[in-house]
Ligand code: SF4
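In this note's numbering, the protein residues as written are 339 to 726.
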């Protein structure tokens, strides 16, 4: 194919008109998104996404020093989210629910580390009330006033609203006044009704997930957004999902970053039904999902790679495929390790910096709102990880 776009040779002629739009900064249509997912020209796709990312972020790659906390894995949807390996019934082996003192004890890990954010998500516990979370956030803020609280997916917010008989807005207001500052992007899965009927039939609908985030944005609570790929969804389902996110962002500008999440098939019903146990998504799919997102989201500043799911190796490669944001130090990752992720649970701060530098990029430690915190790492001292 002759090169009329400046991207070099594009092996797939279907990419040519899309390349022209990318070069001109023209928004991609849903049909373009489907063509991007369909292409086998991964390097051509990556070149387009890298161009779009360079235009937006240059060589800067953001990361955060964060700590994940999962207060409970007990979940009322345990038997209907068939892709989930994390959840347990209340009396099932491995079920746990932390007391507030146990949560505070785990959070003590943040002392002596550069942690600036607690990322708190868990199951939909039938008995934990809103006050459990508001007390938790107040207690964490009292003990770690400088640490930002990013907590509770839209699914958890909707669950709390239901059991408390409150509106989504009332729950969000209560949480915000107790110390919550942003929401993570989980629970979105794939918005398609047919996909949800297959993998998560009782979870809130795509429109309901969007409504929770719309409400959060209206209250001045920024959020993240995600898509779980690599199970039963089609390219059209993926594009419909991205379009719904892009439309909300046009209205509110409340999304901070988009994170494509790779489905892990171990220890869950869906993996067995699909005959996929032991075989997670391919690197090809992982890179493609990053690149398509960068090209499709002309209104979301950042695309994040989640190294616990796709491995640090793929996350490093993703930085050449349109990605400018790397999941942080994490410290304790439980959700995907239950599903067979073989990565470490913790990424030391210094290793994150080296991972980004190793891709020829400029690491930038950010806060939870993407304000730069640190851009020079020459005097970096590795932090210890104490046993909890
Ligand atoms: S995906 Fe979330 S809502 Fe569904 S079973 Fe797992 S923890 Fe519960």
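The beta-carbon is built from N, C-alpha and C at its ideal position, and this holds for glycine as well. In this text, all values refer to a predicted model and were calculated from it rather than measured experimentally.
Query	Result
Report yes or no: do the region 397-409 and the region 618-635 share at least 3 C-beta pairs separated by less than 8 angstroms?	no
Quick one: is residue 363 buried, meaning 16 or more other Cβ sit within 10 Å of its Cβ, or exposed?	exposed
Report yes if the C-beta distance between residue 487 and residue 517 is below 8 angstroms; otherwise report no.	yes
Work out the CA separation of residue 570 and residue 603 for me, nearest whole Å.	12 angstroms
When we look at the beta-carbon of residue 654 and count the other beta-carbons within 10 Å, is it buried (16 or more) or exposed?	buried
Starting from residue 596 and walking both ways along the beta strand (DSSP E), at which residues does that stretch end?	593-600
Could you check whether the Cβ of residue 600 sits closer than 7 angstroms to any heavy atom belonging to ligand 1?	no
Compare the Cα-Cα distances from residue 582 to each of 662, 564, 482 and report the closest residue.	564
Answer yes or no: do residue 382 and residue 353 have a C-beta to C-beta separation smaller than 8 angstroms?	yes
Between 445, 368, 508, 423, which lies nearest to residue 480 when the distance is taken from Cα to Cα?	445
Along the chain, where does the beta strand (DSSP E) that runs through residue 519 open and close?	518-520
Leaving out the 5 sequence neighbours to the left and right, which residues in its chain are closer than 8 angstroms to residue 630 when beta-carbon positions are compared?	371, 374, 375, 383, 387, 576, 580
Considering only C-alpha positions, which residue in the set 477, 452, 456 is nearest to residue 437?	477
Whole alpha helix (DSSP H) runs in the region 410-471 with 4 or more residues, listed along the chain?	438-445
Leaving out five residues before and five after residue 559 in sequence, what residues of the same chain have Cβ atoms less than 8 angstroms from its Cβ?	510, 514, 518, 519, 520, 521, 592
Closer than 6 angstroms by C-beta to residue 346: which residues in its own chain qualify, once you throw out the five before and the five after it? Chain order, please.	none
Exposed or buried, residue 356, counting other C-beta atoms within 10 Å across all chains shown (16 or more means buried)?	buried
What would DSSP say about residue 709, mapped onto helix, strand or coil?	coil
I want to know whether the region 405-419 touches the region 450-466 - three or more CB-CB distances under 8 angstroms.	yes
Exposed or buried, which one is residue 725 when buried takes at least 16 other CB atoms within 10 Å?	Because the pLDDT at residue 725 is just 39, under 50, the model does not fix this residue reliably, and the value given afterwards should be weighed accordingly. Looking at its Cβ environment, which holds fewer than 16 other Cβ atoms inside 10 Å, residue 725 is exposed.
Among 685, 712, 640, 627, whose alpha-carbon lies nearest the alpha-carbon of residue 378?	627
If you measure between the beta carbons of residue 528 and residue 566, is that distance less than 8 angstroms?	yes
Three or more C-beta pairs closer than 8 angstroms, one from the region 695-703 and one from the region 487-498: is that the case here?	no
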